[in-house]
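Notes for the one structure printed next.
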Amino acid sequence: MTYAADRIYSEVAYVAYHFHWSLDEILDLEHGERLRYVAEIANINTRISQGR
């Protein structure tokens with residue numbers, strides 16, 4: 001199974017924007033680990049937008 005290139009670009013951009021990590025640092029992450037960071041960033045953003 002392949003992972004959609006557009007999805008990878010989206011995940012990399014999201015993590016890079018929020019954590020200021022390099023492309024190599026982000027791509028070195030295992031897929032599940034990268035998804036975990038994406039989820040954690042989303043949770044942080046949700047809490048901030050809700051004023052918590």
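Under the UniProt record's numbering, read the sequence shown as residues 1 to 52, first letter to last. Quick reminder that beta carbons are idealized off the backbone N, C-alpha and C, glycines included.
Exercise. Taking residue 45 as the reference, which of 12, 18 and 8 has the closest Cα?
Worked result: Looking at the Cα atoms, 18 is the closest of the given residues.
For this session: Would you identify the three-state DSSP class for residue 30, choosing helix, strand or coil?
Result: Note: residue 30 maps to coil in three-state DSSP.
Exercise. Taking DSSP as the reference, what is the three-state secondary structure of residue 4?
Worked result: Residue 4 carries a coil assignment under DSSP once its states are collapsed to helix, strand and coil.
Problem set entry | Presumed contact (8 Å Cβ cut-off) between residue 41 and residue 34, rounded CB distance | Contact doesn't hold; Cβ gap of about 11 Å is too wide.
Exercise. In three-state DSSP terms, what is residue 52?
Worked result: Assigned with DSSP and collapsed to three states, residue 52 falls in coil, not helix or strand.
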